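Going by our numbering, the first residue of the sequence shown is number 8, and it counts up by one from there.
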Amino acid sequence: MAAELTVHQLIAKHRPTLDQALEAIRTRAYWSPHPEHPKAYGEHGSLDMAAGKAAFDALLGTRLDLGQPGTDGFVGGEVSPYGIELGVEYPHADVDVLLPAMKAGQKAWRDAGAEIRAVVCLEILKRISDRTHEFAHAVMHTSGQAFMMAFQAGGPHAQDRGLEAVAYAYVEQVRTPDTAEWTKPQGKREPLALTKQFTPVPRGIALVIGCNTFPTWNGYPGLFASLATGNAVLVKPHPRAVLPLALTVQVARDVLGEAGFDPNLVALTAERPGEGIAKTLATRPEIRIIDYTGSTEFGDWLETNARQAQVYTEKAGVNSVLVESVGDYKGMLANLAFSLSLYSGQMCTTPQNLLIPRDGIRTDEGPKTFDEVVADLARSVDGLLGDDARANALLGAIVNPDVKARLETAAGLGEVALASREIANPEFPGTVVRTPVVIKLDGAKPDHEAAYMSECFGPVSFAVAVDSASDAVELLRRTIREKGAMTVGAYTTDEEVEQAVQEVCLEEAAQLSLNLVGGVYVNQTAAFSDFHGSGGNPAANAALCDGAFVANRFRVVEVRREA
């Protein structure tokens, strides 16, 4: 966008995309304006694979000065899970200077209206999309995702989630008309007549607290929901995953400035080692909205202590898959093996507990005992990851030492059905790559309960033997209610069991996938169609993305005048 591009030109450019997004969230049909295949990029000014890699390489060892007010130094220190020292430095903010500067631009941004805010956000997303290859390398080398996953989840899928948030924000803001002529009859007297004006007004400054594993996918919904509803947005990335969000802030500031708005409506605050600025920022009176993805402990702290802010959290949960009977046994095994392996289980949606009747299950290949099901799943995972090149492409890297420690400790929790093994990564020697471990546990043994009733984030799954399908359903209910779940899966050919599982998920507000045996997996969701989380169980207090996720980021203020 050239500096002289007007907001009217932005509307002409992006309104069709906004309308398509609005139609997609209404119908829930498949749609995406962002190509998933790397070869789709390189035309119309976007970076192709080689140019994107070169752009990323050019960032290494540089200082990303965003020109923000209140910058009192620069910080860095990111090291890729693949062993590369990024060496990028980012602005450290004196928030007493930065926050007032951010607030100063909100009046003009508020007065611009919902449509203009939406198309400016879409221009930001378009520019990010044009640099998807560059962003993919930034996500890969901060999260440890393998390149293709970093490209898709960190690129088009994240951009879809950002656009989805903009669409929901627009819908909620235009639900109330800008003006209304109000007339009340008074019998023989003159009617009462008022002209009423309704304006969506922002809550204030929004704080996005980024995560290590999915900095863009988890960061974009809150960032764009707040920005589209008129709020300034301060981005506080995870110390190990700053670069993707810093580049996002840089693009946003450029677009805002060129569109005639204050670039300080979006700003970055990186932190010094051990500084822990999230708590300090979260309780400042200027911060009126918080979006957070991460541990339950800190999410609970935010919900309890950031009382001045509207807090949206995605925390930890214990995801379960109930296996009672199946019509495509090989398909189930392949689907589960992929779900357990993708990104080394470092997804908030990865299944952890596999609830299987101890007397076995019915399949299209005949009855299978509990031990047979678990052994067959182990062989399926081994087959999937038997080739090291394929394994590296699916597993990526272990993101941090805590995940590695949990993986190594898990073997002592029960009988090992599938041992984890090391995978060498020839492109990045020294990278920590591990296959999943599957542990057998007995749901009837109290000493096993501590394991399967706690989240073990990473490539760790528990095959839990239960007495019956009804016991599995009740354990599922208890797990969701007490620990929360981002996802639930079930395999059953029994209509009564299916209805029982569905009823549990409806009552406990958990998203359910039934009998997946193809190329859709329980730990994947599609923007504009699937809801990520529900906001109705302890795993998260919000869903990505629904009306509730955006509607309380602004309030409608009315001005009445005599007609």
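Yeah, the Cβ is synthetic: ideal placement off N, Cα and C, and Gly gets one too.
Note that the coordinates shown come from a computational prediction; the quantities given were computed from them, not determined experimentally.
Is there a Cβ of chain B sitting closer than 8 Å to that of residue 74, yes or no? Note that chain B does not occur in the displayed structure, where there is just one protein chain.
Between the Cα of residue 37 and those of 563, 536, 546 and 558, spot the shortest distance and give me the residue it belongs to. Working through the sequence shown from its first residue, we reach residue 37 at position 30. The candidate whose alpha carbon is nearest that of residue 37 is 536.
Put residue 578 into one of helix, strand or coil per three-state DSSP. Because the chain in this structure spans residues 8 to 570, residue 578 falls outside the shown range and cannot be described.
Going along the chain, which residues of its own chain have a beta-carbon closer than 7 Å to the beta-carbon of residue 154, five neighbours each way excluded? Taking the first residue of the sequence shown as 1, we reach residue 154 at position 147. Same-chain partners within the cutoff: 143 and 147.
For residue 333, which residues from the same chain have a beta carbon less than 6 Å from its beta carbon, with the 5 sequence-adjacent residues on both sides left out? One-based indexing of the sequence shown puts residue 333 at position 326. Answer for residue 333: 339, 370 and 498, listed in chain order.
Let me check understanding here. Comparing Cα to Cα, which of 389, 244, 462 and 130 lies closest to residue 409? As a first step, residue 409 must be located in the sequence shown, where it is residue number 402. Among 389, 244, 462 and 130, the Cα nearest to that of residue 409 is on 462.
With 16 as the cutoff for other CB atoms within 10 Å, does residue 527 come out buried or exposed? Taking the first residue of the sequence shown as position 1, residue 527 is located at position 520. Residue 527 is exposed by the Cβ-count criterion.
Along the chain, where does the alpha helix (DSSP H) containing residue 257 start, and where does it finish? For the purposes of this step, residue 257 is identified with residue 250 of the sequence shown, where counting begins at 1. Looking at the DSSP string, the run of the alpha helix (DSSP H) that includes residue 257 is 250-265.
Here's a check: name, in chain order, each residue in its chain whose Cβ is nearer than 6 Å to the Cβ of residue 253, leaving out the five neighbours to either side. For the purposes of this step, residue 253 is taken as the residue at position 246 of the sequence shown. Only 71, 97 and 275 meet the Cβ criterion.
Please state whether the Cβ-Cβ distance between residue 173 and residue 129 is less than 8 Å. The residue labelled residue 173 in the question sits at position 166 within the sequence shown. The residue labelled residue 129 in the question sits at position 122 within the sequence shown. Taking 8 Å as the Cβ cut-off, residue 173 and residue 129 qualify as a contacting pair.
Could you tell me whether the Cβ atoms of residue 127 and residue 22 are closer together than 8 Å? Numbered from its first residue, the sequence shown carries residue 127 at position 120. Numbered from its first residue, the sequence shown carries residue 22 at position 15. In this structure, residue 22 does not lie closer than 8 Å to residue 127 by Cβ.
What do you reckon, are the CB atoms on residue 122 and residue 59 nearer than 8 Å? Start at 1 with the first residue of the sequence shown, and residue 122 comes out as number 115. Start at 1 with the first residue of the sequence shown, and residue 59 comes out as number 52. Contact flag unset, no.
Residue 229 versus residue 350 - alpha carbon distance: Residue 229 sits at position 222 when you count from the first residue of the sequence shown. Residue 350 sits at position 343 when you count from the first residue of the sequence shown. So the alpha carbons of these two residues sit roughly 23 Å apart.
Suppose contacts are defined by Cβ-Cβ distances below 8 Å. Is residue 530 in contact with residue 491 by that definition? Your numbering for residue 530 matches position 523 in the sequence shown. Your numbering for residue 491 matches position 484 in the sequence shown. No; because the gap between Cβ atoms is not below 8 Å, this pair is not in contact.
Who does residue 375 pair with in a DSSP beta bridge? Against the sequence shown, residue 375 aligns to sequence position 368. Per DSSP, 368.
Could you tell me the distance, in whole angstroms, from the CA atom of residue 472 to the CA atom of residue 309? Start at 1 with the first residue of the sequence shown, and residue 472 comes out as number 465. Start at 1 with the first residue of the sequence shown, and residue 309 comes out as number 302. Roughly 36 Å separates the two Cα atoms.
Quick one: Cα of residue 9 to Cα of residue 178, how far? Residue mapping note: residue 9 aligns to position 2 of the sequence shown, counting from 1. Residue mapping note: residue 178 aligns to position 171 of the sequence shown, counting from 1. The pLDDT assigned to residue 9 is 42, lower than 50, so where the model puts this residue is not dependable, and the model offers no usable value.
Measure the alpha-carbon distance for residue 391 versus residue 344 and round it to whole angstroms. What you label residue 391 is simply residue 384 of the sequence shown in a count that begins at 1. What you label residue 344 is simply residue 337 of the sequence shown in a count that begins at 1. Going by the C-alpha atoms only, they are around 7 Å apart.
Out of 300, 321, 362 and 319, state which residue places its alpha-carbon closest to the alpha-carbon of residue 328. In the sequence shown, counting from the first residue as 1, residue 328 sits at position 321. Nearest of 300, 321, 362 and 319 to residue 328, Cα basis: 362.
Fully enclosed by the stretch 210-252, which beta strand (DSSP E) runs are 3 residues long or longer? 212-216 and 239-243
Mapping the DSSP letters down to three states, classify residue 91 as helix, strand or coil. Looking up residue 91 in the sequence shown gives position 84. Coil at residue 91, not helix or strand.
Could you tell me which residues DSSP pairs with residue 191 in its beta bridges? Mapped onto the sequence shown, residue 191 falls at position 184. Per DSSP, 199.
Going by beta carbon distance, what residues of the same chain come within less than 8 Å of residue 14, once the five residues before and after it are set aside? Taking the sequence shown and counting its residues from 1, one reaches residue 14 at position 7. Counting only Cβ-Cβ distances below 8 Å, and skipping sequence neighbours, we find 119, 123, 126, 127, 266 and 267.
Please state whether DSSP places residue 494 in a helix, a strand or coil. Translated into positions along the sequence shown, residue 494 becomes position 487. Residue 494: coil per DSSP, three-state reduction.
Start and end of the alpha helix (DSSP H) containing residue 123? Residue 123 sits at position 116 when you count from the first residue of the sequence shown. Taken as a continuous stretch (DSSP letters only), the alpha helix (DSSP H) holding residue 123 covers 121-137.
Going by beta-carbon coordinates alone, are residue 171 and residue 534 separated by less than 8 Å? Position 164 of the sequence shown, counted from the first residue, corresponds to residue 171. Position 527 of the sequence shown, counted from the first residue, corresponds to residue 534. It is a contact, given that the beta carbons lie within the stated cut-off.
Go ahead and label residue 34 buried or exposed: buried means 16 or more other beta carbons lie within 10 angstroms of its beta carbon, across all protein chains shown. Residue numbering aside, residue 34 sits at position 27 when the sequence shown is read from its first letter. Under this definition residue 34 is an exposed residue.
Just to confirm my understanding: we take residue 272, look at its own chain, exclude 5 residues before and 5 after, and list those with CB closer than 6 Å. What are they? Position 265 of the sequence shown, counted from the start, is the residue given in the question as residue 272. Result list for residue 272: 112, 116, 239 and 263, in chain order.
Would residue 506 be called buried (16 or more neighbouring beta carbons within 10 Å of its own) or exposed? Within the sequence shown, residue 506 is the residue found at index 499, counting from 1. By the 10 Å Cβ count, residue 506 comes out exposed.
Thinking C-alpha only, which one of 175, 279 and 201 is nearest residue 187? For the purposes of this step, residue 187 is taken as the residue at position 180 of the sequence shown. Among 175, 279 and 201, the Cα nearest to that of residue 187 belongs to 201.
At what residue ranges does the stretch 301-328 contain a whole run of the alpha helix (DSSP H), taking only runs of 4 or more? 303-312
Tell me, to the nearest whole angstrom, how far the beta carbon of residue 561 is from that of residue 208; I am working on the premise that it is less than 8 Å. Taking the first residue of the sequence shown as position 1, residue 561 is located at position 554. Taking the first residue of the sequence shown as position 1, residue 208 is located at position 201. With a Cβ gap of about 6 Å, residue 561 and residue 208 count as contacting.
Taking the alpha carbon of residue 175 as the point to measure from, which residue in 312, 31 and 52 has its own alpha carbon closest? As a working mapping, residue 175 is identified with position 168 in the sequence shown. Ranking 312, 31 and 52 by Cα distance to residue 175 puts 31 first.
Helix, strand or coil: how does DSSP classify residue 148 here? Looking up residue 148 in the sequence shown gives position 141. Helix.
According to DSSP, is residue 556 helix, strand or coil? Locating residue 556 in the sequence shown gives position 549, where the first residue counts as 1. Of the three classes helix, strand and coil, the one that applies to residue 556 here is helix, per DSSP.
Compare the C-alpha of residue 260 against each of 331, 194, 132 and 246 and name the closest. By 1-based counting over the sequence shown, the position of residue 260 is 253. It is 132.
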